[in-house]
């Protein structure tokens, strides 16, 4: 497992990130010396993944506090850095009460602890011999340590439940091929990268027992925003009676958003797809609650109808 | 429109191909001086697309005949070059009766003529304002001129029926982003390239009126093999009540294959996806007839149940 401090940490006068854009070819650190630089790191995806973005923002506020910077201005620039993940707003709200370095580190440690608890719940859903399919990277890199969906796979592997992982390469930025495959390789878990478009035919061939992903925001009714392509996987899984499990901490649940329609979907630069042709590049999609078999948080496994139990799960 | 001779032609002592691997960045010709070299061009995807592969094989036999080479050996090496497209076997069977250059050129001209007729039939299926989604490249490059699915889009555009085309980039070899977008740009048809995984969310947003693709092989019952990802699109289209139209010449219909289970699916080099990680790379998938709204050949529009009318459509 990747040490949480290797993924991101507050060190002296800087927040230090492992640059996720360069992985796995190069392991390079990026040092951000104020909240504005942390916001740029979030926007340009030096750090990505909803829980990791939240931790990054918390460190950004702690850094601003230690420098004596204007905390309201730091909050504003960080809050605007990416729109879909709700963990960003959650962490910034948390840091308003106590902008200390210790608090930011506690938020980080809590996220890793939540991952361990989610993984234990998720493993209960899996039978021996499971061949799981995952999309994007919901690994330690995405959460600041251990991972949500990948954390569930790590625990399932340790318990002898996991046979194989299909890794969607996840265009356009290839987080699956670059990051998830790297994390699974590090853990020596058998896996193969596939073109995103191959998932349907693997399901039709009976080679996928479940789909496991993370989430960027979960609405009060269970509708879940996650990396573009998750919705397609959900429809495909439903058609093939393959369960879709969403693994996410309660910090990803947004009771203020009643359903998926109200979740803002980021449109990123078309140049991520091609610099030559007209393109469109939504970064996330929303999977309706009706297509989700279970939402696993650190507290428990939620089953449909989700609204009742999600409302109870989110601590004030 | 791309001139058919620019895509592939028999010229003097060589079959000359526009190298589709280098498009759109470079327009380079590859000259093949015997049937073995033509087979290599097919296998390495200098030329691709089921009808174009058939034409290439016909030219390969004509070249062998003009050189006085062993025609049985030429047939064997060409027949083995790629497994899924049935047009290859069809064209080689045709050339056994008459291996002349004139015959090969007639096969080529016939394929282009079939495209024009398919396009006219397909346009009848579309209403004004259509926003179509297409996958891979079923354009002039794939058929030796005009195109099957792209041909249908060209005719729909000329008739004022087409508003916009969503182009799946089509991993791993990006035939959509590289070839279809190039053909649509040449025809000045409004389009945008999308990550393959974005198709589902576009359908959910009501931005796709139909899915139009070509085919590599159509079984007697209508099950259709096409570029990997077509099956996923078919399930997604079905879920959203969006019709899927398969546009293909009768040379793509294989009555000797009763259903999709019997269609050989080529597995290509995992290095097309990644050279660093374990990968799996099926090049095609099979879409069950039940998910297809219509199969358009040069003869007519076929509707389910397909077996009856497909059997009548294929000329002996």
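Protein chains in written order, with the numbering used here: chain F, 1 to 316; chain R, 1 to 316.
Virtual Cβ for every residue (Gly too), placed ideally from N, Cα, C.
Comparing alpha carbon positions, the residue from R/222, R/278, R/230, R/182 closest to residue 256 of chain R is R/222. For the stretch 226 to 251 of chain R, the set of residues with a beta-carbon nearer than 7 Å to any beta-carbon of chain F comprises 228, 229, 231, 232, 235, 236, 239, in chain order. Close CB contacts of residue 194 of chain R within its chain, under the 6 Å cut and outside five residues either way in sequence, are with 166 (chain order).
Judged by DSSP in its simplified three-state form, residue 185 of chain R adopts helix. Straight-line spacing of the CA atoms in residue 198 of chain F and residue 66 of chain F works out to 49 Å. Of all alpha-carbon atoms in R/103, R/134, R/129, R/41, the one lying nearest the alpha-carbon of residue 234 of chain R is that of R/134. Close to residue 194 of chain R, with beta-carbon spacing below 8 Å, are these residues of chain F in chain order: 273, 279, 280, 281.
For a cut-off of 8 Å, the C-beta gap from residue 131 of chain R to residue 24 of chain R is around 23 Å, too long to register as a contact.
The beta-carbon of residue 204 of chain F is placed less than 8 Å from the nearest beta-carbon of chain R. Within its own chain, the residues whose Cβ lies closer than 7 Å to the Cβ of residue 46 of chain F, once the five positions on either side in sequence are excluded, are 17, 19, 20, 21, 30, listed in chain order. CA-to-CA, the gap between residue 271 of chain F and residue 169 of chain F works out to about 18 Å. As the crow flies, the alpha-carbon of residue 34 of chain F is around 12 Å from that of residue 56 of chain F.
The Cβ-Cβ distance between residue 308 of chain R and residue 297 of chain R does not fall below 8 Å. Interface criterion not met: the Cβ of residue 160 of chain F is under 8 Å from no Cβ in chain R. By the 16-neighbour rule on beta-carbons within 10 angstroms, residue 303 of chain R is exposed. When the alpha-carbon of residue 11 of chain R is set against those of R/69, R/60, R/92, R/205, the nearest one is in R/60.
For residue 37 of chain R, no beta strand (DSSP E) encloses it; the enclosing alpha helix (DSSP H) starts and ends at 35 to 43.
Not flagged as an interface residue toward chain R: residue 164 of chain F, since no C-beta distance is shorter than 8 Å. Using a CB distance cut-off of 8 Å, residue 198 of chain F counts as an interface residue toward chain R.
Under the three-state reduction of DSSP output, residue 175 of chain F falls in the helix class. Residue 83 of chain F and residue 230 of chain R have their C-alpha atoms some 32 Å from each other. In this structure residue 149 of chain R touches residue 212 of chain R by the C-beta definition: roughly 5 Å separates them, less than 8 Å.
Its chain contains 58, 61 as the residues whose beta carbon lies nearer than 6 Å to that of residue 95 of chain F, once the 5 sequence neighbours on both sides are disregarded; these appear in chain order. Residue 156 of chain R sits close to residue 123 of chain R, with the two beta carbons spaced by under 8 Å. In terms of beta-carbon proximity, residue 307 of chain F stays away from the interface with chain R, with every pair separated by 8 Å or more. Per the coordinates, the alpha-carbon of residue 116 of chain F lies some 43 Å from the alpha-carbon of residue 225 of chain R.
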